[in-house]
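In this note's numbering, the protein residues as written are 96 to 279.
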């Protein structure tokens, strides 16, 4: 008995698929009867009435903090259980649909899938924002480069036009100076 108390045995229940024990043949009524007698169906029924979905506090915090990251302060340590409590309190989930255990959060049926849908929507909106910021950054960079290229293209043209105008103006001034000298 002492040896048994020190161990943590796991029991495996074997189900017989048919009375003739031939492979590939399943007698559904026999399997259901065995599941009922072993208490498996009763366990499933009780689990469905209670809180069938469960997740560790650390895993919950890591996976669902995207739903409201402002609740969990950055840079300071916060217990995983406290973080899960704050996070669940801040989002739109009925508080009767979950319970807190010693190491896990327990959810009624369908609540975990609801949280997954909320998480998917939040991630999609965040990805859209990131894409918009990246596209804007790339457009600004592209337009800055276009402006510089235009300046580089126009500069030689403008520079040569300036020199032509300057030389024409100087020639005009020289002609006027010569005309005034000849008059004198």
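Note that CB positions come from ideal geometry on N, CA and C, so glycine has one too.
To the nearest angstrom, report how far apart residue 282 and residue 122 are at their CA atoms. Since the first and last residues shown for the chain are 96 and 279, residue 282 lies out of range.
Those residues which DSSP pairs with residue 149 across a bridge: Residue 149 is bridged to 201.
Measure the CB-CB distance between residue 162 and residue 217 and report whether it falls below 9 Å. Against a cut-off of 9 Å, the Cβ pair of residue 217 and residue 162 comes out as a contact.
Environment of residue 107 [buried if 16+ CB atoms lie within 10 Å]: That one is exposed.
Would residue 112 and residue 126 be called neighbours here (beta carbons separated by less than 9 Å)? Yes, Cβ-Cβ distance for residue 112 and residue 126 is below 9 Å.
Taking C-beta to C-beta, are residue 195 and residue 176 nearer than 9 Å? In this structure, residue 195 lies near residue 176, with their beta-carbon atoms less than 9 Å apart.
Rounded C-alpha distance that separates residue 229 from residue 267: The straight-line gap from Cα to Cα measures roughly 55 Å.
Distance check for residue 120 and residue 201, CA to CA, integer angstroms please. Taking the straight line joining both Cα atoms gives about 38 Å.
With DSSP run on the structure shown, which of helix, strand or coil describes residue 172? Residue 172 falls in the coil class under three-state DSSP.
Using 9 Å as the threshold, is the C-beta distance between residue 167 and residue 158 below it? Their beta carbons are not under 9 Å apart, which means residue 167 does not touch residue 158 by this criterion.
Taking the CB atoms as reference points, tell me whether residue 152 and residue 179 lie closer together than 9 Å. Yes, they are a contact pair.
Taking the Cβ atom as the reference point for each residue, do residue 210 and residue 188 lie within a distance shorter than 9 Å? Between residue 210 and residue 188, the C-beta spacing is below 9 Å.
What residue range is occupied by the uninterrupted alpha helix (DSSP H) comprising residue 114? DSSP places residue 114 in no alpha helix (DSSP H); its state is neither H nor E.
Measure from the alpha carbon of residue 205 to the alpha carbon of each residue in 137, 172, 96 and 143, then state which is nearest. When only C-alpha atoms are compared, the closest one is 143.
Does the Cβ of residue 172 have 16 or more other Cβ atoms within 10 Å, making it buried, or fewer, making it exposed? By the neighbour-count criterion, in which 16 or more other beta carbons inside 10 Å mark a residue as buried, residue 172 falls on the exposed side.
In three-state terms, what does DSSP make of residue 106? When DSSP states are grouped into helix, strand and coil, residue 106 belongs to the coil group.
According to the neighbour-count rule (16 or more other Cβ atoms, all chains shown, within 10 Å of its Cβ), is residue 199 buried or exposed? Residue 199 is buried by the Cβ-count criterion.
When the Cα of residue 207 is compared with those of 235, 273 and 183, which residue comes out closest? Nearest option by C-alpha distance: 183.
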